[in-house]
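**Student:** A single structure is presented below for examination.
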Amino acid sequence: SDADTSPIAIAMAALANVATPLTAVRGSSFAGARVRSKAAAAAPTRRVVTTRAAAGETLVSVDKPLGVNLKASNKGISGGVEIASARGNAAKAGLKAGDYVVYTSSFFGDELWPADQLGFVRSAIQACPNQVDFVVVRDAKQAATIDVKRLPKRPAPPRFGKKLSAAQKERATHICVDCGYVYTLPTPFKEQGKDYKCPQCNAPRSRFANYDPETGKASGGAASNAPLITTAATVLGLAGMGYYLAQLL
């Protein structure tokens, strides 16, 4: 019978032909060896920052309206901010008066920013469109060792996989099919403008689907298109790879 000349078949045959020589190269990354360029070797070591609370820190996520009052603090090396009082959602989430605030959510909720200035922190948490994350320290001795003015920014903790509260479940009507972010804001999703984007992955409004908080499943909208788009992209990618490799061989 005639050989299969489809783009996918060509891609698979080409990959089979080139895979063995690549894995056999001594000192290559395919053989499991560590390869470092001169530029990489000369580059300074970058400080690794975590999205989770470090030892002695407590991460508290608070829904809006927050119900929290802040005040300037002298607990840290360079001052900072602490919780003056917590009521409503803040109290339910676990914030307490006297908590020394190390980080809070940024203006867009995509980062954690050091809480070094009272006015700036107030503006950031007021502008943040989602629930606000607070990283606090409750031990006075540890707080006295922290210089918030010298702390780096941190990535915001991921929203995907977090357990929803009862209040959030009542508002959980849509989910981003790209990253799993569940929409739980007080403003109904249908009232969000066309320019609304997922606060976690920046996907457009069209990538949200209806969400059932009881089953954790998405339905309709972008959810029905996601598998088809993924399959089409995979086929096209393989076909393109096959054509490219066929030209090289």
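Just add 4 to the spot in the sequence shown (first one is 1) and you have our numbering.
Cβ coordinates follow ideal geometry from the N, Cα and C atoms, glycine included.
Are the Cβ atoms of residue 127 and residue 117 separated by less than 8 Å?
**Tutor:** Contact: no.
**Student:** Report yes or no: do three or more beta-carbon pairs, one from the region 93 to 110 and one from the region 55 to 73, lie closer than 8 Å?
**Tutor:** Yes, the region 93 to 110 is in contact with the region 55 to 73.
**Student:** Is residue 113 near residue 203, with beta carbons less than 8 Å apart?
**Tutor:** Yes, these two residues count as a Cβ contact at 8 Å.
**Student:** Taking 8 Å as the threshold (C-beta atoms), are residue 63 and residue 159 in contact?
**Tutor:** Cβ distance not < 8 Å, so residue 159 and residue 63 don't count as in contact.
**Student:** Where does the unbroken beta strand (DSSP E) through residue 125 begin, and where does it stop?
**Tutor:** Counting along the chain, residue 125 falls outside any beta strand (DSSP E), though it belongs to the alpha helix (DSSP H) covering 122 to 131.
**Student:** Could you please give me the residues that DSSP links to residue 216 through a beta bridge?
**Tutor:** Residue 216 is bridged to 221.
**Student:** At what residues does the alpha helix (DSSP H) containing residue 174 begin and finish?
**Tutor:** Start and end: 170 to 175.
**Student:** Can you name, in chain order, every residue of its own chain whose Cβ lies under 6 Å from the Cβ of residue 81, other than the five neighbours on each side?
**Tutor:** Once the five neighbours on either side are set aside, the close Cβ partners of residue 81 are 151.
**Student:** Write down every uninterrupted run of the beta strand (DSSP E) in the region 78 to 165 whose length is 3 residues or greater and which is fully enclosed by it, in chain order.
**Tutor:** Runs of the beta strand (DSSP E) inside the region 78 to 165: 85 to 90, 104 to 109, 115 to 118 and 136 to 141.
**Student:** Quick check on DSSP: helix, strand or coil for residue 234?
**Tutor:** Residue confidence is low: residue 234 scores 46 on pLDDT, short of 50, so the model does not pin down where it sits. No coordinate-derived value is stated.
**Student:** With distances taken from CA atoms, which of 88, 123 and 65 is nearest residue 169?
**Tutor:** Minimum Cα distance to residue 169 is reached at 65.
**Student:** Would residue 3 pass as a contact of residue 206 if the rule is Cβ separation under 8 Å?
**Tutor:** Absent from the model: residue 3. The displayed extent of the chain is 5 to 253, so no value can be given.
**Student:** What are the partner residues of residue 76, as DSSP defines its beta bridges?
**Tutor:** Partner(s): 85.
**Student:** Can you tell me whether residue 218 is buried or exposed, with buried defined as 16 or more other CB within 10 angstroms of its CB?
**Tutor:** Answer is exposed; the Cβ neighbour count stays below 16.
**Student:** Looking at the unbroken beta strand (DSSP E) that takes in residue 180, where does it start and where does it end?
**Tutor:** That run of the beta strand (DSSP E) goes 178 to 180.
**Student:** Can you tell me which of the three DSSP states residue 198 falls into?
**Tutor:** Correct three-state label for residue 198: coil.
**Student:** Would you kindly report the start and end of the unbroken beta strand (DSSP E) that includes residue 62?
**Tutor:** Looking at the DSSP string, the run of the beta strand (DSSP E) that includes residue 62 is 61 to 66.
**Student:** Okay, do the region 186 to 197 and the region 137 to 146 touch, 3+ Cβ pairs below 8 Å being the bar?
**Tutor:** Short answer: they don't touch.
**Student:** Rounded to whole angstroms, how far is the Cβ of residue 88 from the Cβ of residue 122, which I believe are closer than 8 Å?
**Tutor:** Not really, about 10 Å apart at Cβ, beyond 8 Å.
**Student:** Whose C-beta lies closer than 7 Å to the C-beta of residue 83 among residues of the same chain, with five residues either side of it excluded?
**Tutor:** Closer than 7 Å at the Cβ level, and outside the excluded window around residue 83, lie 76 and 77.
**Student:** So who's on the other strand from residue 187, going by DSSP bridges?
**Tutor:** Bridge partners of residue 187: 178.
**Student:** When you compare each of 115, 144 and 143 to residue 134 by their alpha carbons, which one comes out closest?
**Tutor:** Among 115, 144 and 143, the Cα nearest to that of residue 134 belongs to 115.
**Student:** To the nearest angstrom, how far is it from the Cα of residue 179 to the Cα of residue 173?
**Tutor:** Going by the C-alpha atoms only, they are around 12 Å apart.
**Student:** Can you grab the Cα-Cα spacing for the pair residue 200 / residue 104, in whole Å?
**Tutor:** Approximately 34 Å, taken between the alpha carbons.
**Student:** Among 153, 125 and 106, which has the Cα closest to the Cα of residue 146?
**Tutor:** Closest option to residue 146, Cα to Cα, is 106.
**Student:** Please report the distance separating the alpha-carbon of residue 149 from that of residue 85.
**Tutor:** Approximately 14 Å, taken between the alpha carbons.
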